[in-house]
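Position 267 (the sequence shown) corresponds to 267 in full-length UniProt numbering; numbering is contiguous. Glycine residues also receive a C-beta, built at the ideal position from the N, C-alpha and C atoms. Have a look at the structure below before the remarks.
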Amino acid sequence: MIYISVALGIEAKPIIKYFNLKRDNSIKKLQVFKNERVTLIITGVGILKSAIALTYILSQSEIDEDDIFLNIGICGAKSEKYSIGDIVLCNKIINSELEKSYYPDMVFNHSFKEGSLESFNIPVYCGDEVVGDLVDMEGAGLFEATTYFFQSYQLNFIKIVSDYLDREVEQNQVEELILKSLPQIDSWLIEREKFKVEKEIDFSLEEKYLIEELIKKARFTATMENELKNLLLYYKLQGKNINGILEKYRDIEIKDKRDSKKILEEIKEIR
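Put into structure tokens, the structure is as follows:
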């Protein structure tokens, strides 16, 4: 099952039409639309409100390790390095109020742009105080909520750039931007759905040794360690040589955090 969350009904409208979803009338407190492949949840606007709404629905659902969570919505961009209509897969999510950052696993190939998303509790119309590349009002709350139900490799946050924090966006423009992005997003989802967790697969003793050796030498944080292991598991399922990937880093010397991040980025780029 693909669980999709949106904040607004106008964001949901083109998704309902595209996937041919039907209202689940058994759920009274929130608007939820379904078919055999997709469950769409309209959470409302705001970090806390969206987290509560999503938790309410997910707590009644049977989440499988092959399921996918996807947040879709419009966002403002801090700069014009993004164009209106760009589809951006978020590689970092920031809670502006708590000054806390989260890092979704970026282990699956994609054709989108990437960027950091900063979530605020109020609308933002100036980029001076914005740390992230993009701005919304839900992402951070949704990330916190989903971690109670999904593994990190299952979480995906896709934003469509609608403005440069300089204006209100018209409803018809929101609908048009979402609708235009859906074929590309769905093509990616179809490929993403092909990934199935094989419960019996595990790393060999030698692979485990090399992984732990790299984590120690590269001084990976817990988040980086988790992302590395998910990446390598994905590569192993693809039939790639894990020992060959890790041998390259046996004699590394780490001078600062940038070196650690560079190693993880290199491993991400393996095709």
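Taking residue 159 as part of the beta strand (DSSP E), name the residues at either end of that continuous run.
155-163 is the extent of the beta strand (DSSP E) around residue 159.
Whose C-alpha, out of 167, 153, 79, is nearest the C-alpha of residue 134?
Among 167, 153, 79, the Cα nearest to that of residue 134 is on 79.
Run through the segment 62-89 for me and flag every whole beta strand (DSSP E) of 3 or more residues, listed as ranges in chain order.
Runs of the beta strand (DSSP E) inside the segment 62-89: 68-77.
Opening and closing residue of the beta strand (DSSP E) in which residue 2 lies:
Counting along the chain, the beta strand (DSSP E) containing residue 2 begins and ends at 2-6.
Which residue comes first and which comes last in the alpha helix (DSSP H) that contains residue 24?
No alpha helix (DSSP H) holds residue 24; DSSP gives it neither H nor E.
Can you grab the Cα-Cα spacing for the pair residue 187 / residue 227, in whole Å?
A straight-line Cα-Cα distance of about 24 Å links residue 187 and residue 227.
With three or more beta-carbon pairs closer than 8 Å as the criterion, would you say the segment 70-78 touches the segment 3-20?
By the Cβ test, the segment 70-78 is in contact with the segment 3-20, since at least three Cβ pairs between them sit closer than 8 Å.
Outcome for residue 136 when other beta-carbon atoms lying within 10 angstroms are tallied against a minimum of 16
Answer is buried; the Cβ neighbour count reaches 16.
Sort 45, 35, 25 by Cα distance to residue 10 and report the nearest one.
The residue with the shortest Cα to Cα distance from residue 10 is 45.
Using the C-alpha atoms, what's the distance from residue 106 back to residue 210?
Straight-line spacing of the CA atoms in residue 210 and residue 106 works out to 21 Å.
Starting from the Cα of residue 15, find the closest Cα among 99, 144, 52, 180 and give me that residue.
Among 99, 144, 52, 180, the Cα nearest to that of residue 15 is on 180.
Find the nearest neighbour of residue 122 within the set 147, 108, 95, judged by alpha-carbon distance.
Answer by Cα proximity: 95.
Taking DSSP as the reference, what is the three-state secondary structure of residue 204?
Of the three classes helix, strand and coil, the one that applies to residue 204 here is coil, per DSSP.
Contact belief for residue 54 with residue 146 at Cβ below 8 Å, rounded distance in angstroms:
The pair is a contact, with the Cβ atoms about 7 Å apart (cut-off 8 Å).
Would you kindly work out how many angstroms separate the C-alpha atoms of residue 125 and residue 119, rounded to a whole number?
CA-CA distance, residue 125 to residue 119, rounds to 13 Å.
State the beta-bridge partners of residue 136 as determined by DSSP.
For residue 136, which the question treats as bridged, DSSP gives the partners 119.
On the DSSP letters alone, give me the boundaries of the beta strand (DSSP E) that residue 174 sits inside.
Careful: residue 174 lies outside any beta strand (DSSP E), inside the alpha helix (DSSP H) at 171-193.
Looking at residue 85 and residue 163, is the spacing between their C-beta atoms short of 8 Å?
For the pair residue 163 and residue 85, the CB atoms are not nearer than the 8 Å cut-off.
Ordered along the chain, which non-local residues of its own chain (more than five positions away) have a Cβ less than 7 Å from that of residue 214?
For residue 214, same chain residues with a beta-carbon under 7 Å away, outside a window of 5 residues either side, are 246, 249 in chain order.
Decide yes or no for the touch test of the segment 11-31 against the segment 98-116: beta carbon pairs closer than 8 Å, at least 3 of them.
By the Cβ criterion, the segment 11-31 is not in contact with the segment 98-116, since fewer than three pairs of Cβ atoms, one from each stretch, lie closer than 8 Å.
Quick one: is residue 260 buried, meaning 16 or more other Cβ sit within 10 Å of its Cβ, or exposed?
When all chains shown are included, residue 260 counts as buried.
Using 8 Å for Cβ pairs, my map puts residue 217 next to residue 254. What's the rounded Cβ distance?
So it is a contact: roughly 7 Å between Cβ atoms.
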